[in-house]
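Taken in sequence, the protein lines are chains A and B.
According to this note's numbering, the first sequence is numbered sequentially starting from 8.
According to this note's numbering, the second sequence is numbered sequentially starting from 1133.
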Amino acid sequence: MKLGALIRKEFFRFFHDPRLIVTMLLPGLLIFILYSVLGSIVSSDGEEDATYSFRAYLSGESQTVAAVEAAIAAGGSTVEWLPADDLEAAKREVKEGNVAALVVFSDGFDAAERPSVEIYYDLQNDESAAFAMLAGAVLQEIGARFTVERVSVRADAELGAQIMSQILPLLMAVLVFSACMSVTLEAVAGEKERGTLSTILVTSVRRSHIALAKVVALSCIASIGAASSFLGVALSMPRLMNVSMDVFGEYSAASYLLLFPLIVSTVPLIVSLISIVSAYSRSLKEASAYTSVLMIVVMVVSLVSGFISVGDWVTAIPLLNAVAVMQTILTGALPVWQALVSVGVNLLFTALAVWIISAMLSSERIMFGK
Amino acid sequence: MEVKAEEIVRAEGLCKSFPLSAKLRRIEHTSKTRQIAVDGLDFSAYRGEIYGLLGPNGAGKTTTLRMLSTLIRPDAGDAFVCGHSVVREPGRVRDKIGFMTGELKLESFFTPDYLFDFFGAMHGVEKAVLARRKRELFSRFGIDRFAGVKVKNLSTGMTQKVSLVVSIVHDPDVVIFDEPTNGLDVLTAKVVTDFLAELRAMGKSVILSTHIFSLVEKLCDRVGIIIDGRMIADAPLGEFTREKSLETAFFDLYHAVKGEEL
Ligand SMILES: Nc1ncnc2c1ncn2[C@@H]1O[C@H](COP(=O)(O)OP(=O)(O)O)[C@@H](O)[C@H]1O
Ligand SMILES: [Mg+2]
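Put into structure tokens, the structure is as follows:
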């Protein structure tokens, strides 16, 4: 009953204050606006000033090749054509980055009535993208008679998944952390500073209940903020990265079923970590300073985990496990056991943290020290 | 001769010292690593009376009251509130006392109505009992008209009344009040002193600490004079004021203990 009243108090405080609700939902909205704007700038910024010595496969014949060569030379670059016997092998080489592109003219291009030209290139490779841009533009300019098609050698979804798996976990870590930070600092360090926490400590309510109520209620609230930010990212990411929304359809329902508890399990852990820092600090200001340090640590950890290949041992490390397993899931795999173990480990550490918080609430040195 | 009433709080050899951090040592110009705040304090307070702990700043009043309210643990000694030990049964003690200081604040976002119910729940007061107490106390102290107004929109005096009423939501036998009028303007201070007198009229026992002579003279039935963590004198107010003013009596005792230094 006391626990319930404590939890309800936190919810009441939050949901009856429009200011708090707005600050919780705003980041998601801002991210969406910012990234969408950023995305449209990035995609219009395609001109390449760099010069290249292109090597490209050529299949079929056309007089327009000379125009392409001239345009490339005008830009200060050169092109060496290689005969393409095996189209599939040529596409593979484009994908591997050995050649810039594969240009395929349809049979009897110069004489046919509705001929077409296809340029196979790799969006992720600057040189390849520059070649496709240049050659495509020239051909489009001369040819009202024929169609020009630029074809990426990578499937969109594959490309999207790669980007998602690299960026999303880090982004999630930062977003979840900020959501937790904004509620927890206020509700723990703020309450301690204002003296409203002591008023509760004077009553006969158990310290463990105070700690548990804070972590439960704040985690729920922070999850709302994190979900809003996540939606903001998810909706704007494809536009920013120039990949289609289909990316999200590529992940199976099972991936989402794994991702969800994984992300959710980090929220109470982060909330309780910030609570520990807040309970220790003498003021809100001090708590914010310590929490920023904690945030940097979390960011570095998530960033690093993107570059090192991690073994199963990583599931034993709270927070890092969520980032690493999330990366794995986003590349299309389904690491069920790692995900479950990670969730368990995170919850275990949360329980430990709650215990620490209640010990801190009982400590006269921390609560009433000078 | 006064008739001795039932003993409700008894302190037996209470001791408390604090570690002094390097920073505190510098501020206080001392090389000691521990500061003795309370040094073997004995006293008794009686039901239905207001007991005043009178002493200068740093005498150990706050530390004593915090030990009585179980916020901090004595290094040695014990105190009993309604027969419960603050060391062994802190939970029982907390249900018997209401503790007030200027440092304890109410979340100003909430209304008196909400806060009363919330703290009632914290003390485990039954719903029906709580509703009845709320009606009684709110009308007795004139809060009822403001029950639905957020505390931040209330006057200082009304806010103070709400704090006071909330601290006795669970109908405690003993109210402990550290420096009741410190930092309050005259009107708000009067709200507080009236409240304390009202509590006594309701049959409650009060233990307060102060360094203000007039407050003790006006309110207290019994006075304990505390200097450097020790109880120098402990008697009914009348015994201090029979021949001289309380102030004179206090300084006579003070000089007897500390010499002429001030
Ligand atoms: N948490 C603490 N840490 C260190 N010293 C303390 C602490 N609390 C009180 N003291 C010291 O103990 C002594 C008694 O303080 P206190 O009980 O607050 O006195 P009073 O309330 O009578 O002014 C003072 O010297 C004070 O500096
Ligand atoms: Mg004091």
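Note that CB positions come from ideal geometry on N, CA and C, so glycine has one too.
Identity of the residues DSSP links to residue i by a beta bridge
i, result
"TYR287 (chain A)", "BP columns for TYR287 (chain A) are empty, so no partner."
"HIS1216 (chain B)", "B:VAL1213"
"THR273 (chain A)", "The partner list for THR273 (chain A) (beta bridge, DSSP) is empty, contrary to what the question assumes."
"VAL1323 (chain B)", "Paired residues: none, contrary to the question."
"LYS1148 (chain B)", "B:VAL1170"
"SER159 (chain A)", "A:TYR128"
"LEU1351 (chain B)", "For LEU1351 (chain B), which the question treats as bridged, DSSP gives no partner whatsoever."
"THR1342 (chain B)", "B:LEU1186"
"THR85 (chain A)", "A:SER60"
"MET1199 (chain B)", "DSSP, once it has assigned bridges, lists no residue as partnering MET1199 (chain B)."
"VAL1124 (chain B)", "What the structure shows of chain B is the stretch from 1133 to 1394, and residue 1124 (chain B) is not part of that stretch, so it cannot be assessed."
"GLU1079 (chain B)", "The structure shown does not extend to residue 1079 (chain B), since chain B is modelled only from 1133 through 1394, so no value can be given for it."
"ARG1362 (chain B)", "B:ILE1359"
"SER1377 (chain B)", "Answer is none; SER1377 (chain B) lacks a bridge partner."
"SER404 (chain A)", "The displayed coordinates of chain A run from 8 to 377. Any statement about residue 404 (chain A) would go beyond what the structure contains."
Nearest-angstrom beta carbon gap, residue j and residue i [assumed within contact, 8 Å]
i, j, result
"MET179 (chain A)", "TYR287 (chain A)", "That belief does not hold up - the Cβ atoms of MET179 (chain A) and TYR287 (chain A) are roughly 27 Å apart, past 8 Å."
"GLU1144 (chain B)", "ALA1211 (chain B)", "7 Å"
"THR1395 (chain B)", "ALA1365 (chain B)", "Since the displayed chain B opens at 1133 and closes at 1394, residue 1395 (chain B) lies outside it and no answer follows."
"GLY150 (chain A)", "SER189 (chain A)", "About 56 Å; that fails the 8 Å criterion."
"VAL155 (chain A)", "ASP129 (chain A)", "Contact flag wrong, Cβ pair sits at about 18 Å."
"VAL1338 (chain B)", "TYR1178 (chain B)", "VAL1338 (chain B) to TYR1178 (chain B), Cβ: 11 Å. No contact."
"VAL361 (chain A)", "ALA194 (chain A)", "Their Cβ separation, rounded to whole angstroms, is 15 Å, which puts VAL361 (chain A) and ALA194 (chain A) out of contact at 8 Å."
"THR1196 (chain B)", "VAL1170 (chain B)", "5 Å"
"ARG1332 (chain B)", "GLY1230 (chain B)", "That belief does not hold up - the Cβ atoms of ARG1332 (chain B) and GLY1230 (chain B) are roughly 14 Å apart, past 8 Å."
"THR210 (chain A)", "PHE1251 (chain B)", "6 Å"
"VAL111 (chain A)", "LEU94 (chain A)", "7 Å"
Same chain only: Cβ atoms within 6 Å of residue i, ignoring 5 sequence neighbours per side
i, result
"VAL75 (chain A)", "ALA142, VAL145"
"ALA1321 (chain B)", "THR1313"
"PHE237 (chain A)", "none"
"SER113 (chain A)", "PRO122, SER123"
"GLU87 (chain A)", "ARG62"
Exposure of residue i, with buried meaning 16 or more beta-carbon neighbours within 10 Å
i, result
"ASP117 (chain A)", "exposed"
"ALA1367 (chain B)", "exposed"
"PRO122 (chain A)", "buried"
"GLY1335 (chain B)", "exposed"
"ASN1285 (chain B)", "exposed"
"GLN70 (chain A)", "exposed"
"PRO1304 (chain B)", "buried"
"THR1194 (chain B)", "buried"
"THR1342 (chain B)", "buried"
"TYR263 (chain A)", "exposed"
"ILE1159 (chain B)", "exposed"
"THR1202 (chain B)", "buried"
Distance cut-off 7 Å: residue i Cβ against heavy atoms of ligand 1
i, result
"ASN1314 (chain B)", "no"
"ALA1191 (chain B)", "yes"
"PHE1248 (chain B)", "no"
"ALA1169 (chain B)", "yes"
"GLY1184 (chain B)", "no"
"GLY202 (chain A)", "no"
"GLY1187 (chain B)", "yes"
"LEU1203 (chain B)", "no"
"LEU1152 (chain B)", "yes"
"GLY1234 (chain B)", "no"
"GLY376 (chain A)", "yes"
"LEU1340 (chain B)", "no"
"LEU1156 (chain B)", "yes"
Cutoff 7 Å; reference residue i; Cβ partners in own chain excluding five residues on either side
i, result
"SER309 (chain A)", "PRO176, LEU177, ALA180, VAL330"
"PHE184 (chain A)", "ILE277, MET302, VAL305"
"VAL1389 (chain B)", "ILE1359, ILE1364"
"TYR1386 (chain B)", "ILE1359"
"LYS9 (chain A)", "VAL212, HIS216"
"ALA323 (chain A)", "VAL352"
"ALA139 (chain A)", "ALA108, ILE126, TYR128, ARG157"
"PHE1150 (chain B)", "ARG1166, GLN1167, ALA1169"
"GLY1280 (chain B)", "THR1243, ASP1245"
"VAL1323 (chain B)", "GLY1289, GLN1292, LYS1293"
Own chain, CB closer than 8 Å to residue i, minus 5 neighbours either side, in chain order
i, result
"MET1133 (chain B)", "Any reading at MET1133 (chain B) needs caution, since the residue's pLDDT is 49, under 50, leaving its predicted position unreliable; the model's value is listed next. Contacts found: none."
"GLU200 (chain A)", "ARG289, SER290, LEU291"
"SER369 (chain A)", "ARG214"
"CYS227 (chain A)", "PHE18"
"PRO34 (chain A)", "LEU182, SER185, ALA186, GLY232, SER235, SER236, GLY239"
Closer than 7 Å: residue i CB and nearest ligand 2 heavy atom
i, result
"GLU1311 (chain B)", "yes"
"THR1194 (chain B)", "yes"
Below-8 Å beta-carbon distance, residue i vs any chain E residue
i, result
"GLY1361 (chain B)", "You won't find chain E in this structure, because its protein chains are A and B."
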